[in-house]
Every structure is written in structure tokens, then in C-alpha cells.
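Engineer: Handing you a structure now.
Protein chains in written order, with my numbering: chain V, -17 to 113; chain B, 263 to 1088.
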């Protein structure tokens, strides 16, 4: 029975399992993309921080115009900075996920060989320890 | 009907579930986790030892490597197995008929696979292995508790069920697919398998019957429990988008503004704990999304009765926004409930208030992601109107554009009365009605709430108790709307049952309703059953003669309490016709005493008071005056009572017309448009119409049926009552004038009443036949019947006794009887 179960599993693993693993991997990238709101932050990248904006007073006042301009530039810069932090974090998380996912994918593809290899290596090592 | 074919006799789901029989899931997860950490630590130690030459690890290199290899192999193996297991925990396509494919749920597959792994390849289905497998299912214990079936009783059934039955597989699965087609679903649940077994296995059917579990209850409870388990199973595949999507993200609000001031006068609407809210209120949530997604005037007036679930709809939308499954136009929106009473309390003048409101609205607009919710919208308008502010004019500049979305909450009465007439409201706000959910959705909502109450009160509701709460709340609780009325009953039951008692049964719900409404909701108990069976005898303790009338009324009541009466009409509706003083009112009083246990349960309406144009208004209330009607108030205070409408013919035709609906459907709408139920009420109307004709006919005709028909014809011909009204009574009861010999008995009954009054003063009064005959002689009037006899007793008999008490002739402890001489002198 055991060999039948093993071969059954192998059949599932290569016919269905690998594609399910790829889908799960894709889902995790999708999740990180949305979790760090990368698209939203990218779209509003140059907008002021929390929409905070100074308004120009009535009339022509150079000092006021300059003040408003500087303040709004600063607010936009702060907005960009904060968004950048989230975007960088998001990109970093995606890279980590890609790395871990790749390892797991390779492990899954090579699973039978890897398993056999690990079992053999384990036996060799155990023999070595006790000899 | 074509046959069912098995398209996959051993789906991957079956193979995955088989793993549970080899190693339990929790053991697998434990081994996987432990081996993962071991490989991590041993691997790290090996690397440190190799590269950094740590002296403490010298000599352990081989051991660390060995541990890494072994634990690595175990971790990899169990990871692959667990991924295989969890990936396959999804319903599997198994059967096909006429091009339609049917799926087995995870628990159905577990049930059948554990019964017999090759069940789908067999020609016959055996019931016993399925029951044995059912006994081991993870959901079974909870299901048995929900159904109020002790586990021991189920074990006894299993042990007694030697052999079971065998059914042809094709026949069995055809029945299962038939059930699915009937329910318009392609998913086969545990309940479907066990319900079909009820048709095949008489013992299983008998077991549930003995446990007082109906097929409908079993199926509904099993579905509910399995649904909870399927949610748990879904969570195991945490990498699915449906699960990952439920986690809210970071930095989503960075693109939107702060709302310092608005936050001071509002609170956020977060997703509620009700899991089914979205399912059960899908239509309303979608309507809300659609209206809020418009490019301008994207405002909604959510209209529903208090307790109908307006907040559940808002919470459902909030959940969708948070998950990111709402339309793109609503992405990242914040739903904020305005606390306008705090604003009015904090501001003293119109100017202050308007300035604050404008500041808040501007802030909401500037933030760019606010959906402003105003509860009790008509109350908001009237409250700020008292400050002199026109609320709609204030909101219009914001509500008319896409700058801000507003959701107003209102109830139907207030909406029609205060908001609808204002064109601005209908122009700016799209109305979304909270509909009364159908029975299934209602049950789901209450089940949902029951789980929350259970976790708080540490009690468990049986399914029948939940179902009972829905039925009784709908029928007996007058105020509020469903599902809140039913949820309130569950709350009350959870807090009223003893702390030591964990399970809450339907009887507990009944007792809560009885306490709240004074209506005996439980089935006729033995005492009441005796009362109903001996109704004629009990009524005759107070009533003399009128055999036919008493029999008619008793028959109608027995029909009502035995469950033969539909629930959609009053308990009984009678028209008592006959001359005055023949016992019509007395019969009503006797009925109140016997049936409702108290004469006070009778409320008498003198219909001559409703003979003017304002009769209807006085009875049901008026929207303009806001004064509640007498009938509406009485029914709300005491729905389980007897209403006596004396001399009904004197009321206006408009009043008569109101009773067409009450007699037929058991409810009416009061002046404010709210529904008032009279379904637990006995309604008796009396009329003297045709009294003279009765007396005349009785002289020449003895057959009561003929006399009654003649009277009804007379009433109809003279248009005293319309045929529509007459046809709606359960019974038209004819009261005949009492012959003189019967009147002596009536006088005796009246004198016994006097005996009771004197007994309170500890004086024993012994009335005699002679005295009763004298009362009849003094008081009898062929036109006024027995009524003047009561006056005769008070004017003559009581007068004599009063003088004796005041004169000291009669004292406490004395026994008094009228002497013949005294009787003659009366």
C-alpha cells in the first residue's frame, strides 16, 4: 500500500501540486503588494503629506506666496519621504518573498531527489557518528 | 430523469482526508514545526561552527550535520504532506447528472470516506458505517448539542442499530442529487446525506423523531454547524487570496487628510462580529455601494425599522472596504458616524453650531476618504432646527457634489412623515430600504448573533431554541423589528437561565416571552387542557342557560388552542347578538376569567363613543395629533386579552371597516403607520340589533338556526353590518331572552356575588330561593332582561343589609338570612 500511496503523491505533486505552489507563491506577492499599498502610494507619490496644504491669503503678497510655496514643498517632500519608506519596505518584502519562494519552489520541484538525498545523507552521518 | 454517474470515485480530497487516519493533523503540524526549528538551529550552529571555529562546538560538527539532515528530511516530508493535505481541503466534484456536476463538501467526504474508502465505487450504500463514521466526525458533538440530543442517546442508537440498511448506490445518490436540485445548489453537505438516510433507514428516522428533532431542524442545524467548520477549513489555506485579502494593509491612509475635529465628534464604523451580515444583507450592501459610487449626489438614505439591521449593513460595507472587495470608488474610504448631539451640546448658538458643522464638513471633504453617517436623520434635522439651522441647506453644498458622501439613517414612519415630503431629501439621497429578510436569512442572522451571545454569556443555544426565538419574537413581540426582537429574546434567555445551566432550550425562550408578554406561549398544559375540555361546564358556573352560545364559543376556543387555528387571525372572533340583559357581557367576562385566568384581561369598549367622525382616530391614533389610539395602546400593553366591543352597531362605518382587516388578518396599522397585532386576542362584539325580532320570532318559532338566520338577514337588509364584516366572524352567536324560571337561577348567581362581598367582612349571608324569586319579581323587565335585577339587588337587598350593618344588628362572625316577612317587604 505504501508504495502506491507514495506514487499517488508523486503524481499529484507534479501534476497539481507544483502549480498550486506557484499560485500560492503568486498570492503572497499579491498580498505584499496590497499590504504595503504600493500602487496607491505610487499614484499619490508627489501629493502632500496627509493632504496638508497651506493656502495663499488674498491679494498679492510675495512673502506670503513664498511662505506657502516653501511650506507646500516641504509637505510634499515629507509625503514623498514617508511613502518612499513604505514602498521600500514593500519592495524589500517582495524580494525576501521571492528568495524564500524560489527556495521552496526548487525544494518542491526537487523534492523526491532531495528527500532521498537527505535520507541517505542522514544514514551516512549516523553511521559516521557511531563508527 | 437520467441516472447519476460517479465522475471521480476517489478524489484527491478523499486521499487527503485519509492522511488524518494515519497521523492526526495536529501531530503532523507539531512534527513539522519542531523539525523546522531543529533544522534551523542545527544548521545555524553548523555554519557558525564551520566558519567561526567556536570552541564550544568543536567535535560536534558531525552530530550537528546529522541532526540537520534528519530534521531537514522530516521537515521537508511533512511540509509536502501538509501542503498536499491543505491544498485539497476543497469541495470535490464527484457526481454528475444531466451535465450538472455535484460536489462533496470536505465533511461529507470525511463522512463517506471514513465509512468506506471505496464508497463511490460500490453498488450499495450501507447505513451503519455511515452512522459510525458520523459519530467520529469533528462536527458531530457540536451538532448533537445544538439539537439537544445527549451523546449517550446517540451511542445507544448506534449500538441498537445492528446491521443497518443497504440502499442501491444509484438510488441513494439520485435522492441526494434530487435534494440538491430542490435546494438549488450543487454542493452536497453532511445534512443531505443524513437527510436521505432518513428516507431509507426507519430506525434513524425514529431516533430523530423520539429526540423531537424534525427533518427540517436537523438539516438546518447540520448546515449551520458544518458552515462553521467549513470556515475553519478555509482558514487552513491561509495562502488563498480570500484569506490574505482579509488583512488590512499599511499606509493606505497616507494619501488622505487628517480629520482632527471630525474625530472629536464622530466614531468610526468598523466591521461587526456578525459573520453572515454580508451574506444576509447582500442586496442592501450592493445597493449602498452602487449609490455611493455615483459621480455626484452619491448619498444614501438607509430606511429600516429600529432593529432591522441598518448597522449590520454599514458594518458589512465597512468589512468589504477593509478587505478591498468594495468597488474601486470606495477603496480606502472611512465610514464615520457623526455624533450630532455632542455638537449641539457643545455649541450654544446657531452661529456656533453652523461654524462647527462647516468646519467638520470641510475637513471631511479635504480628507477625501470620508463617508459621513448621520443616524436618526430626521432627529438630526429637527434637533438643529430648534437652533434655527436648516440642516438640509447646510448639507446641500457638500451632498450635491462628489466631494462628500453621506449616509442618513431613518425608519419608514419618520421617512414618510418628515423626510419624503421634502423634495431636497429625495433629490440628494437615494433611498435604500432594509427589507424584512425571508425566513432562511432571518434564521441565519439570528444564528450569527447567537454565536456572539454564547461567547459572552458562556451558554449554548440549542438550534430549536434559536428557531423558537425567531418564531415567538415574530408572533408575540409587538415593538421593534426582526431580527433584533429575536436576538433580544436570546439575550434575555442567556441572562435569565441559571448560571449552572449551560444549555438553553426552547422552553427557556418560551418562559422569557411569557414573562415579557404574559402570553402563555407553551402548548396547552394539563390544567389548561382540562379547562378547555370542560369549558362549557366552567362557563356555566357563571352563566345560566344560553347553551348554544356557550357551545359555539367553547368549540372555537378548543380549535384555537389545539393548534388548528392559523396563526394569522385573532384567537377567536365572535358577534354576540341578542336583547339587552341576556348575558352577552357576562359571557365575555366569564371567558376572560376562564381562558385568560383573570376578569381584568377583558377590556370593554363602549362603541357609542366611536359614533362620530373622529371614531377611527380615537381608536387607532392619528399621525397629526401623535396621540396613540385606545385600541392600539391596549393591544400593545396587553396583547393576550379579550376585547369586548359593546353595541358595535353604534360605531361609524369607517370603524367597522378597520375591523375587516383585524378580523381577517389579525393586525392593523396605527395612526403612525406601525403594525399592531391582534393575533393573540379574543375579539367579541355585541349588538342589540334585531332584538325585537328575536323576541317576536321566539314566540312563533323554536328552531334557533332559523331564528339566527332571520336575524342575520334582518341585520344585512337594514345594512347594520355589511356582509363582508358578518362573514369574517368565527361565529355569530345568538343570545335568547331568558325564561322567568331561568332568571331565578341568574338572581341566585347575583346574590352569590353579594355573599362573597359580605364574606370579606366576615359576615355569612345565606341567599334563599325565595329571595331570588322576589328579586326576579321586582327586577324582571321583558325589554331590559336580567339587568334591572342587579339594580333590584343593590337598591333593595343591599340597602337592607347596609342598614343592619350600620345599626349594629349585623357584626363580624354573624350569619344572616332574609326572613320571609323581610322578603315580602322588599
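Glycine residues also receive a C-beta, built at the ideal position from the N, C-alpha and C atoms.
In angstroms with no decimal places, state the Cα-to-Cα distance between residue 1043 of chain B and residue 1050 of chain B.
Structural biologist: In a straight line, the C-alpha of residue 1043 of chain B is about 7 Å away from that of residue 1050 of chain B.
Engineer: At a CB-CB cut-off below 9 Å, which residues of chain V make contact with residue 277 of chain B?
Structural biologist: The contacting residues are -13, -10, -9 and -6.
Engineer: Evaluate residue 911 of chain B with the Cβ neighbour count: other Cβ atoms within 10 Å of its Cβ, from every protein chain shown; 16 or more gives buried, anything less gives exposed.
Structural biologist: So residue 911 of chain B counts as buried.
Engineer: Does the beta carbon of residue 230 of chain B come closer than 8 Å to any beta carbon on chain V?
Structural biologist: Residue 230 of chain B is absent from the model: chain B starts at 263 and stops at 1088.
Engineer: Name, in chain order, the residues that DSSP records as bridge partners for residue 429 of chain B.
Structural biologist: DSSP lists B/387 as partners of residue 429 of chain B.
Engineer: Would you list, in chain order, the members of the stretch 299 to 332 of chain B that have their beta-carbon closer than 8 Å to a beta-carbon of chain V?
Structural biologist: Correct list: 324, 325, 327, 328, 331 and 332.
Engineer: According to the Cβ coordinates, are residue 473 of chain B and residue 411 of chain B closer than 8 Å?
Structural biologist: Contact: yes.
Engineer: Just to confirm, does residue 320 of chain B get its C-beta within under 7 Å of one of the non-hydrogen atoms of the ligand SAM?
Structural biologist: No copy of the ligand SAM occurs in the structure displayed, which carries no ligand at all.
Engineer: Could you name the residues of chain V that residue 520 of chain B contacts, counting a contact when the two beta carbons are closer than 7 Å?
Structural biologist: Per Cβ cutoff of 7 Å: 32.
Engineer: Do you know whose CA, among B/382, B/435, B/804 and B/866, lies nearest residue 456 of chain B's CA?
Structural biologist: Answer by Cα proximity: B/435.
Engineer: Who does residue 694 of chain B pair with in a DSSP beta bridge?
Structural biologist: DSSP lists B/564 as partners of residue 694 of chain B.
Engineer: Would you say residue 856 of chain B and residue 800 of chain B are within 8 Å of each other, going by their C-beta atoms?
Structural biologist: In this structure, residue 800 of chain B lies closer than 8 Å to residue 856 of chain B by Cβ.
Engineer: Between residue 555 of chain B and residue 589 of chain B, is the Cβ-Cβ spacing less than 8 Å?
Structural biologist: Against a cut-off of 8 Å, the Cβ pair of residue 589 of chain B and residue 555 of chain B comes out as a contact.
Engineer: Taking just the CA atoms, how far does residue 890 of chain B sit from residue 252 of chain B?
Structural biologist: The first residue shown for chain B is 263 and the last is 1088, placing residue 252 of chain B beyond what the model contains.
Engineer: Quick one: Cα of residue 341 of chain B to Cα of residue 358 of chain B, how far?
Structural biologist: Distance between the alpha carbons of residue 341 of chain B and residue 358 of chain B is about 34 Å.
Engineer: Over what stretch of residues does the alpha helix (DSSP H) that includes residue 419 of chain B continue unbroken?
Structural biologist: Taken as a continuous stretch (DSSP letters only), the alpha helix (DSSP H) holding residue 419 of chain B covers 413 to 422.
Engineer: From the DSSP output, read off the bridge partner residues of residue 363 of chain B.
Structural biologist: In the DSSP output, where bridge partners are listed per residue, residue 363 of chain B has B/358.
Engineer: Can you list, in chain order, the residues of its chain with a C-beta nearer than 6 Å to that of residue 437 of chain B? Leave out the 5 residues immediately preceding and following it.
Structural biologist: Result list for residue 437 of chain B: 458, in chain order.
Engineer: Report the three-state DSSP secondary structure of residue 786 of chain B (helix, strand or coil).
Structural biologist: Residue placement at residue 786 of chain B is poorly supported in this model, since its pLDDT is 46, which falls under 50; the coordinates are not used for a value here.
Engineer: Assign residue 942 of chain B to buried or exposed, taking buried as 16 or more other Cβ atoms, counted over all protein chains shown, within 10 Å of its Cβ.
Structural biologist: Classification for residue 942 of chain B: buried.
Engineer: Could you tell me the distance, in whole angstroms, from the CA atom of residue 553 of chain B to the CA atom of residue 693 of chain B?
Structural biologist: Approximately 9 Å between the Cα atoms of the pair.
Engineer: Check the Cβ-Cβ distances between residue 486 of chain B and every residue of chain C, and say whether any is below 8 Å.
Structural biologist: In the structure shown, chain C cannot be found, because the protein chains are V and B.
Engineer: Mind pulling the chain B residues with CB within less than 9 Å of residue 58 of chain V?
Structural biologist: Ordered by position in chain B, no residue passes the 9 Å Cβ test against residue 58 of chain V, which lies about 12 Å from the chain.
Engineer: Counting contacts by CB-CB distance shorter than 8 Å, is residue 555 of chain B in contact with chain V?
Structural biologist: It does not: the Cβ of residue 555 of chain B has no partner Cβ on chain V nearer than 8 Å.
Engineer: Can you list, in chain order, the residues of its chain with a C-beta nearer than 7 Å to that of residue 250 of chain B? Leave out the 5 residues immediately preceding and following it.
Structural biologist: As displayed, chain B neither begins before 263 nor continues past 1088, which places residue 250 of chain B out of reach and without an answer.
Engineer: Mapping DSSP to helix, strand and coil, what is residue 589 of chain B?
Structural biologist: Here residue 589 of chain B sits in coil by DSSP.
Engineer: Can you have a look at residue 317 of chain B and say buried or exposed, based on whether 16 or more other CB atoms are within 10 angstroms of its CB?
Structural biologist: By the neighbour-count rule (16 or more Cβ atoms within 10 Å), residue 317 of chain B is not buried but exposed.
Engineer: For the stretch 947 to 956 of chain B against the stretch 836 to 855 of chain B, are there 3 or more C-beta pairs whose distance is under 8 Å?
Structural biologist: The stretch 947 to 956 of chain B, when compared against the stretch 836 to 855 of chain B, does touch it at the 8 Å Cβ threshold.
Engineer: Give a yes or no on whether the C-beta atoms belonging to residue 730 of chain B and residue 768 of chain B are separated by under 8 Å.
Structural biologist: It is a contact, given that the beta carbons lie within the stated cut-off.
Engineer: Helix or strand or just coil, what does DSSP make of residue 1078 of chain B?
Structural biologist: Here residue 1078 of chain B sits in strand by DSSP.
Engineer: Using a Cβ-Cβ cut-off of less than 8 Å, give me the residues of the stretch 7 to 21 of chain V that come near chain B, in sequence order.
Structural biologist: Hits within the stretch, in order: 9, 10, 12, 13, 16, 17, 18 and 19.
Engineer: Less than 7 Å between C-beta atoms, sequence neighbours within five positions excluded: which residues of the same chain meet that for residue 795 of chain B?
Structural biologist: Once the five neighbours on either side are set aside, residue 795 of chain B has no close Cβ partner at all.
Engineer: Residue 938 of chain B lies in the beta strand (DSSP E); which residues open and close that run?
Structural biologist: Here the beta strand (DSSP E) through residue 938 of chain B covers 937 to 939.
Engineer: Compare the C-beta of residue 74 of chain V with all C-beta atoms of chain B and state if any pair is closer than 8 Å.
Structural biologist: Not closer than 8 Å to any Cβ of chain B, the Cβ of residue 74 of chain V fails to qualify, so no.
Engineer: Report buried or exposed for residue 111 of chain V, applying the criterion of at least 16 other Cβ atoms within 10 angstroms of its Cβ.
Structural biologist: It is exposed - the Cβ of residue 111 of chain V has fewer than 16 other Cβ atoms within 10 Å.
Engineer: If we cut at 8 Å on Cβ distances, does residue 68 of chain V have a partner in chain B?
Structural biologist: Taking Cβ atoms only, chain B reaches closer than 8 Å to residue 68 of chain V, which makes this a yes.
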